[in-house]
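Quick note on full-length UniProt numbering: the sequence shown kicks off at 1 and runs consecutively. From the three backbone atoms N, C-alpha and C, an ideal C-beta is built for every residue, glycine too. Since the structure comes first, as structure tokens, the remarks are kept for the end.
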Amino acid sequence: MVDVRPLIFANALFLMLLVTAGFAHISSQGPLSGAVIPSTDVSEASITNTANNESPTTPAVANTGIKESQTETASAEIKDSDIFADNTPTEANEADQSQNIVEAAPETEQAKQGNNSAVAAAITTNSVAAPQASEPAKAAAELAPVEVPPVAVVASPKPKAAPKPKPKPVATTGTLIIRSNIEGDMVLINGKPYGPTRLEVELPPGSYDIEVAKNGYSSWQSEVSVLRGKKQTLKAKLEHYTTVDYRNGEWINGITTGEGTYLADDGTQYQGAFVNGKFHGIGNITYPDGTEYRGEWFEGVMQGDGTLTTNQGDTFVGIFKDGEFNGEGTLTKANGDIYNGYWVNGSLNGQGSLTTKDGLLFVGGFSENQFHGDGSLTYPDGRHYEGSFSKGQFHGKGIEIYANGKKYAGQFMEGQYHGKGELMNPNGSKITGTFKFGRPFGKATLTTPEGEIFTARTTEPGVCYRLKSYRATQCPPMEGW
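Structural data, given as structure tokens:
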């Protein structure tokens, strides 16, 4: 049986030498001065190189040509990043690094002999397992940087944004629902039939006149404002007509609402609709003097569309309010004159027209049945005026043209030339200046048909002055001067 204790002792001694050499090298260059930590496995080539090296070696720092003092100073300034730098050797320089590590240990003659003995013992014991690293070697190995493989970062997909809710469409109309208490009726909106109830209709915003009617029933009317995006419901109540008969100052059977007749003691006759004893709805009336009215009524008064014919033969067709002409209408007089336009309380007020039986024509503004404002007037004889009116007369700026070609353009007052103007005669002569009550006044300029120009004054009758001359001369004959 072979005694392995010498081999164990030799291995232990070899490890102690390696550790001693390592600490000596670190102490000579400063702690962790950039030297590579030696591996615990020593290659055969490095051992052979150590055994064959005859000359004493110096630390690896000495090979760089830098003085020891400079090396110590530099080793003191090493940063943490240098200590933990990745110094893993490549395959190309692995042998050089092993040689430098062995050369860094200081040697003595005894150490050389011990090394040679240890190497020889290690060579002859190849079958023995490699010795475990000592605690200092383990600590040094732990200081070696560990390469951490890069971690692949997988970007998580961004969460999809929630779809935005679609905006509600903006309403452009309003909803109107119309109901009534009967069947077979008819709904009229602004006079246009829309069908029977129950009726639901979309209408643009605005004001509407609603009527629900049926033969034999009193009509139901209302005015409603339709709002955008809003819904409204109307409930119409129609009352069945009963025969109304008023005579001798009494309501027969006490019935005052419905369709019937009215015969007053003074001879007034009415045929139509009643509500609570008043003319209300559509009806015709004839007064004792012969005046007749056919149309709409409201609580006993003519109101709405109608036709009135007087006992004198005048006829008005249009809109009534409170028993008078109010709104658009046409009045045809018994003599043939026709007034057409906008009426207020029985008189023309606003834009309108007048055509008389003898051919006079006016188109323009009216006020209380008189020409007022801008307008044009054509007389039966061909004379024509266009300009401003006030209380039925020419007033303000205007142009009057006569049938023979005479023309005046300028200012008028109460139907006469008044103010600055120009009077042009048919023969080409003209008077330019200021007029007063239809005649030239003050200084004026006279132009003859031949084109000669004179200045004259009304204070010097018959005296004229040629243009750019101070010599007085006789004024030429001229109409209007």
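Three-way DSSP call (helix, strand, coil) for residue i in this model
| i | result |
| --- | --- |
| K67 | Summary for K67: the model assigns pLDDT 39, below 50, so the residue's position carries little reliability; its value from the coordinates is reported in the next sentence. The answer is coil: DSSP assigns K67 none of H, G, I, E or B. |
| L17 | helix |
| L238 | coil |
| I252 | helix |
| residue 489 | Because the chain here runs from 1 to 481, residue 489 falls outside it and cannot be looked at. |
| I8 | helix |
| G22 | helix |
| L467 | coil |
| T125 | Bear in mind that a pLDDT of 37 at T125, under 50, signals an unreliable position, so the number given afterwards is only what the model happens to contain. In this structure, T125 counts as coil in the three-state DSSP scheme. |
| D245 | strand |
| G373 | strand |
| E379 | It should be noted that the sequence gives Tyr, not Glu, for residue 379. It is coil, neither helix nor strand. |
| T175 | strand |
| V275 | strand |
| D82 | Because D82 sits at a pLDDT of 41, beneath the cut-off of 50, its placement in the model cannot be relied upon, and the point is left open. |
| I182 | coil |
| V170 | coil |
| G229 | coil |
| N340 | strand |
| T291 | coil |
| N349 | strand |
| E211 | strand |
| T355 | strand |
| K164 | coil |
| E259 | strand |
| G396 | strand |
| G419 | strand |
| D3 | coil |
| E296 | strand |
Residue i: first and last residue of the uninterrupted beta strand (DSSP E) it sits in
| i | result |
| --- | --- |
| W220 | 220-226 |
| T330 | 324-332 |
| F441 | 439-447 |
| N404 | N404 -> no beta strand (DSSP E), and no H or E assigned at all. |
| T310 | Segment: none, T310 is in no beta strand (DSSP E) and carries neither H nor E. |
| E200 | 199-203 |
| K192 | 192-195 |
| R457 | 453-457 |
| residue 483 | Given a span of 1 to 481 for the chain in the structure shown, any question on residue 483 remains unanswerable. |
| N425 | Per DSSP, N425 belongs to no beta strand (DSSP E) and is neither H nor E. |
| M186 | 186-189 |
| K278 | 278-286 |
| E479 | Note, E479: premise wrong, no beta strand (DSSP E); not H, not E. |
| G318 | 315-321 |
| A264 | First-last for A264: undefined, no H or E at that position. |
| G473 | Checking the displayed sequence, the identity of residue 473 turns out to be Thr instead of Gly. Where T473 is concerned, the enclosing beta strand (DSSP E) stretches over 472-474. |
| Y385 | 384-390 |
Cβ distance (whole Å) where residue i is taken to contact residue j below 8 Å
| i | j | result |
| --- | --- | --- |
| T172 | L203 | Not confirmed; about 10 Å, so no contact. |
| Y293 | G306 | 6 Å |
| G442 | Y417 | About 13 Å; that fails the 8 Å criterion. |
| N340 | T356 | Incorrect: roughly 13 Å between the Cβ atoms, too far for contact. |
| I399 | W481 | Not really, about 20 Å apart at Cβ, beyond 8 Å. |
| G267 | P288 | 4 Å |
Residue i burial status per 10 Å Cβ neighbour count (16 or more: buried)
| i | result |
| --- | --- |
| L467 | exposed |
| V275 | buried |
| T233 | exposed |
| F454 | buried |
| D322 | exposed |
| N11 | buried |
| S207 | exposed |
| T469 | The sequence shown places Ser at residue 469, rather than the Thr named in the question. Per the 10 Å Cβ criterion, exposed. |
| V187 | buried |
| M302 | buried |
| A403 | exposed |
| P440 | buried |
| G433 | buried |
| residue 490 | An answer regarding residue 490 cannot be provided, because it is not within the stretch 1 to 481 covered by the chain. |
| S180 | buried |
| N248 | exposed |
| V4 | exposed |
| G364 | buried |
| D381 | exposed |
Legend entry - the segment 244-256 in contact with the segment 228-235 per 3-pair CB rule at 8 Å: Using a C-beta cut-off of 8 Å, the segment 244-256 makes no contact with the segment 228-235, since fewer than three inter-stretch Cβ pairs fall below that distance.
Legend entry - Cβ pair count under 8 Å reaching 3, the segment 426-436 against the segment 445-465: Yes, the segment 426-436 touches the segment 445-465.
Legend entry - contact_flag[the segment 238-246, the segment 211-227] where n(CB pairs < 8 Å) is 3 or more: Short answer: they touch.
Inset, instruction - Could you tell me whether the segment 386-400 touches the segment 359-374, where touching means 3 or more Cβ pairs closer than 8 Å? - result: Three or more beta-carbon pairs separated by less than 8 Å link the segment 386-400 to the segment 359-374, which places the two stretches in contact.
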